[in-house]
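Report on the structure given below.
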Amino acid sequence: MRRLPFSPWHLLLMPVALLFALPLVQMVLTAFMPDSDINRFPPRFIPSRLQLDGFIGLFTESSALRWLLNTVIVAAIAVVSHLLLCSMAGYGFARLKFFGRGAGFMVILATIMIPTQLLMIPTYIMFSRLGLVDTLAAAFVPWLASAFGIFLMRQFFLSLPAELEDAARIDGCSTFGVFWRVVLPLARPALATLTVFTLLGSWNDLIWPLIAISDDKLYTIQLGLANFQGTRHTQWSLLMAGNVVATMPLIIAFVVAQRQFVATMTFSGLKG
């Protein structure tokens, strides 16, 4: 019997992948549909003609470029701070020996179990006293670090051979030098994965900016797109065009970091 040029699992995974990709395809097609096709019943999947009215209206009738810039700023600060702070904290919990290391890590890990909605009111009160409400800082300060990021980096660092660090110390490298010159370059797959998770979370965050920001000039893209949905009327062409603009950077980031993402999931599961 002739062997298939691909894994037999692909016969199952390909239809499932197409099923998950269908809403994305529908969103892209709807962004190029005329309003007559969008509002008809039964709805059309293939547009009768292609047009750019949704994208033109998005950038002329709203502050989409400003919203997109705000989102890029928030996501960039979130990613950079996550890579720096979570990697340093993760390395400390994985390699450094200090009093209360195990208890401290368990406390940080336990915060993952706290629902985000439960923290919104005390966080808003704290931000209000600090004068951060209705500023762009209100959107990115909660994303400076996370318990999940610390956990992910710690698990990856535990999978690295300690002999590499011992050899660097014998050569006269300091603790920070070992972390910066030896460990961190080896952690590129974990850093890429943390980048993807942080980018997804900070880019798509809606509930907290909706509470903390009221100035439309400080809106993120998700908060701005929410304004296209009203109680009695929804601007579907603008909304779908905005969703396409907001989704494409995330898809590109995931495709670029896909290989590192898989590598991290493999290595981080080797040790508990």
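Going by the numbering used here, the sequence shown opens with residue 1002, and the numbers climb by one from there. Where a beta carbon is used, it is the ideal one built from N, C-alpha and C, also for glycine. Being a predicted model, the structure only gives us computed values, none of them experimental.
If you draw a straight line from the Cα of LEU1030 to the Cα of THR1176, it is about 54 angstroms long. Where GLU1166 is concerned, the enclosing alpha helix (DSSP H) starts and stops at 1163-1171. Distances from the CA of PRO1190 to each of LEU1119, GLY1243, PHE1033, PHE1157 were compared; the closest alpha carbon is that of PHE1157. Between PHE1141 and ILE1047, the CB-CB gap reaches or exceeds 8 angstroms. When secondary structure is reduced to three states using DSSP, GLN1236 falls in the coil class, being assigned neither helix nor strand. Taking the C-beta atoms as reference points, TRP1204 is found nearer than 8 angstroms to ALA1076. Comparing C-alpha distances from PHE1149 to each of ILE1074, GLY1091, LYS1218, ARG1067 shows the shortest one belongs to GLY1091. The residue among ALA1146, LEU1097, PHE1255, PRO1123 with its C-alpha nearest the C-alpha of LEU1084 is ALA1146. Collapsing the DSSP output to three states places GLN1052 in coil. Burial state of MET1114 is exposed, judged by a 10 Å Cβ sphere holding fewer than 16 other Cβ atoms.
Burial check for ILE1222: the Cβ neighbour count within 10 Å reaches 16 or more, so the residue is buried. Around the C-beta of ARG1155, 16 or more other C-beta atoms lie within 10 Å, and the residue is accordingly described as buried. Excluding residues up to 5 positions away in sequence, nothing lies with its Cβ nearer than 6 angstroms to the Cβ of SER1064 in the same chain.
Per the coordinates, the alpha-carbon of PHE1106 lies some 8 angstroms from the alpha-carbon of PHE1152.
Fewer than three pairs of CB atoms, one per stretch, sit closer than 8 angstroms, so the segment 1212-1229 makes no contact with the segment 1029-1043. Between the segment 1166-1180 and the segment 1046-1062, the count of C-beta pairs closer than 8 angstroms stays below three; the two stretches do not touch. Assignment of beta-bridge partners to GLN1223 by DSSP yields no partner.
Contact between the segment 1235-1254 and the segment 1093-1109 is not established, with fewer than three Cβ pairs separated by less than 8 angstroms. Ranked by Cα distance from VAL1197, the options PHE1255, VAL1184, GLU1164 are led by PHE1255. THR1124 is a Cβ neighbour of PRO1143, given a cutoff of 8 angstroms. In this chain, GLY1101 is not harboured by any alpha helix (DSSP H), its DSSP state being neither H nor E. Counting only residues of its own chain and dropping the five nearest sequence neighbours on each side, CYS1087 has a CB closer than 8 angstroms to the CB of ALA1146, SER1147, GLY1150, ILE1151, LEU1153, MET1154, LEU1195. Annotation: VAL1134 is outside any alpha helix (DSSP H) and is labelled neither H nor E by DSSP. Ranked by Cα distance from VAL1108, the options LEU1119, ILE1212, PHE1094 are led by PHE1094. Of the residues SER1238, ILE1253, ILE1252, ALA1242, the one whose Cα lies closest to the Cα of ASN1040 is SER1238. Residue nearest to ALA1227 within the set LEU1059, GLY1202, ALA1188 is LEU1059 (criterion: CA-CA distance).
Here GLN1230 is bridged, per DSSP, to THR1235.
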